[in-house]
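Colleague: Take a look at this one; I'll ask things after.
Residue numbers (the numbering used here): 13 to 301.
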């Protein structure tokens with residue numbers, strides 16, 4: 013009896029926290045959280061199906077050294093759909109520098125801000141660079157499949173997958189080698205690391221620059237390749253506050269563009285961004301790209 017009383021008094025003296033197992037406390041959930049999440053998902057679908065969205069992509073062509081003719085004719089380096097003129101211009105690659113030339117008399121228009129971005133009718137094509145390689149991506153804003161997107165299935169909303177993360181800022185020169193779905197590897201600047209508790213375990217994710225207000229995460233977990241996309245999932249979170257904290261909401265984890273089109277160049281998650289737990293939140297797998 014004396015031992016029990018002594019233990020009770022010890023707990024009272026040290027404070028109640030000393031006699032129970034510490035648990036991670038999740039962030040406060042907004043009263044309109046479900047509405048916010050629904051609106052975010054609606055915006056997500058709208059961005060996929062908009063005229064310039066990922067579902068309008070119809071081609072991706074990597075430039076070779078020298079002249080790369082562009083048009084619907086045979087033997088073109090950049091092949092447009094058959095509705096386009098046989099020849100609309102060319103892209104010339106010389107020692108890492110690309111110049112563009114538009115053929116006259118066929119109503120091809122150059123983008124006012126980028127001469128290498130051109131359009132004809134509902135077709136648009138533009139230059140991109142990945143790890144020192146240059147390519148031209150082609151899209152058709154009137155592609156019928158653009159408006160036939162199947163519903164994207166999500167896991168049931170679970171606020172336990174909405175966690176507080178502590179920010180560790182990276183040095184301005186830090187970068188990591190990342191590989192994309194085309195097996196290209198190139199350095200990507202690192203913004204820092206986020207540490208958090210999920211499923212009663214400590215985790216860490218390398219964060220990339222997501223713009224002035226956000227961080228960008230590319231991760232995999234124990235659902236990857238099964239109930240979620242095999243190339244991992246993407247997620248944005250707010251940049252940290254004055255205390256160095258932010259909220260990671262895995263209910264907003266989404267499929268990369270490669271789940272919807274073969275003409276994307278999605279980055280893949282690095283090994284250290286593989287979470288050793290199932291993340292049963294966010295978007296489930298879609299398609300077979």
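All C-beta atoms, glycine included, are put in the ideal place defined by N, C-alpha and C.
With three or more beta-carbon pairs closer than 8 Å as the criterion, would you say the segment 264-273 touches the segment 238-254?
Modeller: Flag = yes, the segment 264-273 and the segment 238-254 touch.
Colleague: Pick helix, strand or coil for residue 162, following the three-state DSSP scheme.
Modeller: In this structure, residue 162 counts as coil in the three-state DSSP scheme.
Colleague: Considering only DSSP beta bridges, list what residue 100 is partnered with.
Modeller: Partner(s): none; residue 100 has no beta bridge.
Colleague: With 8 Å set as the bound, which would you pick, yes or no: does the beta-carbon of residue 92 sit closer than that to a beta-carbon of chain C?
Modeller: No chain C appears in the structure shown, which is made up of a single protein chain.
Colleague: Report the three-state DSSP secondary structure of residue 270 (helix, strand or coil).
Modeller: Note: residue 270 maps to helix in three-state DSSP.
Colleague: Relative to the C-alpha of residue 203, which residue among 261, 147, 225 and 238 is closest?
Modeller: Residue 203 has its Cα closest to that of 225, out of 261, 147, 225 and 238.
Colleague: Is DSSP giving residue 221 helix, strand or coil here?
Modeller: Residue state, collapsed to three classes: strand.
Colleague: Could you name the residues of the same chain whose beta carbon sits closer than 8 Å to that of residue 129, not counting the 5 residues immediately before and after it, in chain order?
Modeller: Hits under 8 Å: 122, 123, 136, 137, 138 and 139.
Colleague: Assuming residue 191 and residue 280 make a contact with CB atoms under 8 Å, what is their CB distance in whole Å?
Modeller: Rounded, the Cβ-Cβ distance is 5 Å, consistent with contact.
Colleague: According to DSSP, is residue 286 part of a helix, a strand, or is it coil?
Modeller: Residue 286: strand per DSSP, three-state reduction.
Colleague: Please list the segments of the beta strand (DSSP E) lying wholly inside the segment 212-264, counting only runs of 3 or more residues, in order along the chain.
Modeller: For the segment 212-264, whole beta strand (DSSP E) runs of length 3 or above, ordered along the chain, are 213-221, 226-231, 245-250 and 257-261.
Colleague: Tell me the rounded alpha-carbon separation between residue 292 and residue 217.
Modeller: So the alpha carbons of these two residues sit roughly 17 Å apart.
Colleague: With three or more beta-carbon pairs closer than 8 Å as the criterion, would you say the segment 47-65 touches the segment 151-167?
Modeller: Touching, per the Cβ criterion.
Colleague: Name the DSSP beta bridge partners of residue 112, please?
Modeller: 103.
Colleague: What residues in its chain sit with their C-beta under 6 Å from that of residue 33, if we drop five residues either side in the sequence?
Modeller: The predicted model places residue 33 with a pLDDT of 32, which falls under 50 and marks its position as unreliable; any figure quoted below should be read in that light. Contacts found: none.
Colleague: In chain order, what residues of the same chain lie with their CB nearer than 7 Å to the CB of residue 99, ignoring the 5 residues before and after it?
Modeller: Result list for residue 99: 81, 83, 85 and 115, in chain order.
Colleague: Work out the CA separation of residue 255 and residue 180 for me, nearest whole Å.
Modeller: Computed Cα separation, rounded: 11 Å.
Colleague: Looking at residue 95 and residue 305, is the spacing between their C-beta atoms short of 8 Å?
Modeller: Here the chain comprises residues numbered 13 to 301, so residue 305 is not present and cannot be evaluated.
Colleague: Going by the DSSP bridge assignment, what does residue 296 pair with across the sheet?
Modeller: Bridge partners of residue 296: none, in fact.
Colleague: May I ask you to list the residues that DSSP assigns as paired with residue 183?
Modeller: Looking at the DSSP assignment, residue 183 forms no beta bridge with any residue, so it has no partner.
Colleague: With a 10 Å radius around its C-beta and 16 neighbouring C-beta atoms as the bar for buried, classify residue 102 as buried or exposed.
Modeller: The residue in question, residue 102, is buried, as its Cβ has 16 or more Cβ neighbours within 10 Å.
Colleague: Residue 304 bridges to which residues according to DSSP?
Modeller: For the chain, the structure presents residues 13 to 301; residue 304 sits outside this window and is missing.
Colleague: Could you name the residues of the same chain whose beta carbon sits closer than 6 Å to that of residue 143, not counting the 5 residues immediately before and after it, in chain order?
Modeller: Excluding positions up to five away in sequence, the list reads 196 and 198.
Colleague: Is residue 240 near residue 205, with beta carbons less than 8 Å apart?
Modeller: Cβ distance not < 8 Å, so residue 240 and residue 205 don't count as in contact.
Colleague: What does a CB cutoff of less than 8 Å around residue 157 pick up in its chain, not counting 5 residues either side in sequence?
Modeller: Cβ within range, chain order: 67.
Colleague: Give every residue of the same chain whose Cβ lies closer than 6 Å to the Cβ of residue 232, excluding the five residues on either side of it in the sequence, and list them in chain order.
Modeller: Only 244, 281 and 286 meet the Cβ criterion.
Colleague: Residue 104 and residue 125 - do their beta-carbons sit closer together than 8 Å?
Modeller: No, the Cβ-Cβ distance between residue 125 and residue 104 is not below 8 Å.
Colleague: Roughly how many whole angstroms lie between the Cα atoms of residue 200 and residue 237?
Modeller: Cα to Cα, residue 200 sits roughly 24 Å from residue 237.
Colleague: Could you work out which residue in 107, 212 and 46 is closest to residue 145 when comparing CA atoms only?
Modeller: Nearest option by C-alpha distance: 107.
Colleague: Roughly how many angstroms lie between the CA atoms of residue 223 and residue 193, to the nearest whole one?
Modeller: Those two C-alpha atoms are separated by around 23 Å.
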